[in-house]
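Okay, so the sequence shown: first residue is 11 according to the working numbering, each after it adds one.
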Amino acid sequence: MKRHVKGNVSWVGYLDWELEHFHGDDYSIYNGSSQNAYLIEEEKTVLVDTVWVPHRFDFIENLKKEIDLKRIDAIVVNHGETDHSGALAALLEEIPDTPLYCTAMAVKSLEGQYGKRGWNFHVVKTGDELPVGHGKKLQFIEMRMLHWPDSMATFLTGDNILFSMDAFGQHYATSELFADLADQEILWHEALKYFVNILHPFAALIPRKLDEIAAMSLPIEVIAPSHGAVWREQPLEIVQKYREWSQTYQEDQVTIVYDTMWDGTKAIAHAIAEAVKQQSPSTVVKVFHIAKSDKNEVMTEIFKSRAIALGSPTYLNGVLASVSGWLAFLKPLKFKKKRAAAFGCYGWSGEGVKVLQDGLAAAGFDVIDEQVKSLWNPDENDFAKVPELVKSLLEDSPAAKQ
Ligand code: FEO
C-alpha cells in the first residue's frame, strides 16, 4: 500500500518487520527495518529506488495495484547496493526501456551485480536536473563514499524533499512512516547505531558534504532516507546530529570491554568500573563481556565514550578470538580522540596486554602507559594499579585538547 509523504509523492517501499541482520550478519537488527522506495506522480511519473531482492515480487505487485507500470517515465537509482536495486531486474523485464538515472559508479555496481542487460542508463552528476512537470524538477547530488562510491541523493523542488539514500536512515520498521510519530527512544538509538556502524568510517567526509549541500541553499522540508522513518518536522535536526557525530563526538562515558577465561580478567574489568565511579561519580560506566555482547551495540557505546578499557587474557601468544575479532571491526570505524587502556591475566608468555595496546593504537586510540597485567589471578598488588590506570584514563586525551 502506498503511503502519502507530501504533495504527489508516496512511499512505496517494503516494511521489513522480520529482518534480523544486515550486510550479511555484520549488523544486528532488533527493531526491523525498511527499504524505502518513493513514487513521484507529477506530469511525469518517477520511481525513486526499489527494494531488496527477496521482496521484489511483493514490491512489483504492490506497485501494480497503485499504477500501470507503463506510466513510469523514469527510475532514479540513488545507489546500486542490492537492498535498493534488488527489484530492478524484475521490474525492467516489464518496462525494459525505462530510463535509469544514476551515477557512473552506480552503472558499474548495477552491471557488476546484474550483468550487462542493455538497461537505459542516464548517468548524472551533481548539478544535473530532470524536470518532472508542474514546474518541479529533480536535482541530483553525488554522495560519493556516503556510504559507497556510487551513492547519490536527489532533491525534488516544489515539495522540497531530499531523497537522501542511506544517509540519515535508521534500521527501524515503524508503521508510522514519519520520524515525529515514531518511538523517539528507538528512533534516535537506531539513527545513532546506523551512523556509528555504517557511516562513521567516512566521518571525515561528512562535514564537507554537509557544507556542500548547505551551499546549494536547498529549502529542505522533508528528508526521505532509504531506511526507516521520514524526517518532516525539523528535518535539519538529523543533519545537525550528523555534523556533531562526525566531529570527534564524545559524552562523559567510559566503556570497558573484555573477555575472560577463568574470571581473572573479568575481576579486573569490574575493578576498573568501580574505580571510574569512585574517581568520577558523574561519569557513565558501561561494561561488556564481548563474547556475549552485540558488537554493533557495543560500538555505539564506544562511540559515545571519552575513554575505553579493553581486556583479555593472553591466549596462544595473543588474545582471545572474541577480542581480536572485535578489534578488527573497531579499527575501520576510525574513532578519534579517545583514551584507551589495556588489561588482562596471563599464565605463561603474557603478550596479551601488549597485543591489545598495539591494536588500540592501530585503531586510532590514545593508549595510556598504565596497564594491569596479572600473573594467574589478580591479587592486591594488581588491584592496587587500577586507580592509577583509571586516573590516567580519565584525563583529557592529548589529542582532544588540540
Ligand atoms: Fe541501504 Fe548502502 O544500502
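The beta carbon of each residue, even a glycine, is placed where N, CA and C say it ideally should be.
In this text, all values refer to a predicted model and were calculated from it rather than measured experimentally.
Item                                                                                                        : Value
Contact under 9 Å by Cβ, K219 with L156                                                                     : yes
Proximity test, Q45 beta-carbon vs the ligand FEO heavy atom, cut-off 8 Å                                   : yes
Beta-carbon separation (whole angstroms), S174 vs A234, contact threshold 8 Å                               : 7 Å
The stretch 237-244 / the stretch 346-365 touching (three or more Cβ pairs under 8 Å)                       : no
Cross-strand partners of R349 (DSSP beta bridge)                                                            : A317, D376
Sequence-ordered residues whose beta carbon comes within less than 6 Å of a heavy atom of the ligand FEO    : H89, E91, D93, H94, H157, W158, D176, S236, H237
Host alpha helix (DSSP H) of V117 (start-end)                                                               : 114-124
W21 classed as buried or exposed, judged by whether at least 16 other C-beta atoms fall within 10 angstroms : buried
Terminal residues of the beta strand (DSSP E) in which S174 lies                                            : 171-175
Cβ-Cβ distance between L370 and L337 below 9 Å                                                              : yes
For W198, the first and last residue of its enclosing alpha helix (DSSP H)                                  : 194-204
Top-ranked residue by Cα proximity to W358, from K346, L326, T167                                           : L326
Validate contact between the stretch 36-56 and the stretch 303-321 using beta carbons, cut 8 Å, 3 pairs     : yes
beta-carbon D107 near the ligand MG non-hydrogen atom, thresh 8 Å                                           : Among the ligands in the structure shown, the ligand MG does not appear; only the ligand FEO can be found there.
Segment limits, alpha helix (DSSP H) that includes P397                                                     : 396-404
Runs of alpha helix (DSSP H) wholly within the stretch 292-317 (minimum 4 residues, chain order)            : 305-314
DSSP state of E104 mapped onto helix, strand, coil                                                          : helix
Complete runs of the alpha helix (DSSP H) confined to the stretch 57-100 [at least 4 residues]              : 66-76, 92-95
Local conformation of S359 per DSSP, three classes                                                          : coil
Inter-stretch contact (C-beta, 8 Å, three-pair minimum) for the stretch 151-170 and the stretch 186-204     : no
Secondary structure of L343, DSSP reduced to three states                                                   : helix
Alpha carbon of W27 to alpha carbon of A47, nearest angstrom                                                : 16 Å
Residue from E52, L340, I266 whose Cα sits closest to the Cα of K296                                        : I266
Helix, strand or coil at E261 according to DSSP, with G and I counted as helix                              : coil
As assigned by DSSP and simplified to three states, the class of G42                                        : coil
Residue span of the beta strand (DSSP E) that contains G143, given as start and end                         : 139-143
CB contact flag (P388, A281, <9 Å)                                                                          : yes
Through-space distance from L187 to H181, alpha-carbon basis                                                : 13 Å
Same chain, Cβ closer than 7 Å to L110, neighbours up to 5 away in sequence not counted                     : I85, V87, W129, N130, F131, H132
Beta-carbon proximity of T393 to V400, cut-off 9 Å                                                          : Per the sequence shown, residue 393 should be read as Phe rather than Thr. The answer is no: Cβ separation not under 9 Å.
Inter-stretch contact at 8 Å, needing at least 3 Cβ pairs: the stretch 89-98 / the stretch 132-148          : no
Distance between I278 and V396 (C-alpha atoms, nearest Å)                                                   : 8 Å
Limits of the unbroken beta strand (DSSP E) element including V133                                          : 131-133
Closest residue to D406 among E254, S185, I318 (Cα-Cα distance)                                             : I318
Residue interval of the alpha helix (DSSP H) (run including Y252)                                           : 246-255
Cα-Cα separation, W255 to G42                                                                               : 23 Å
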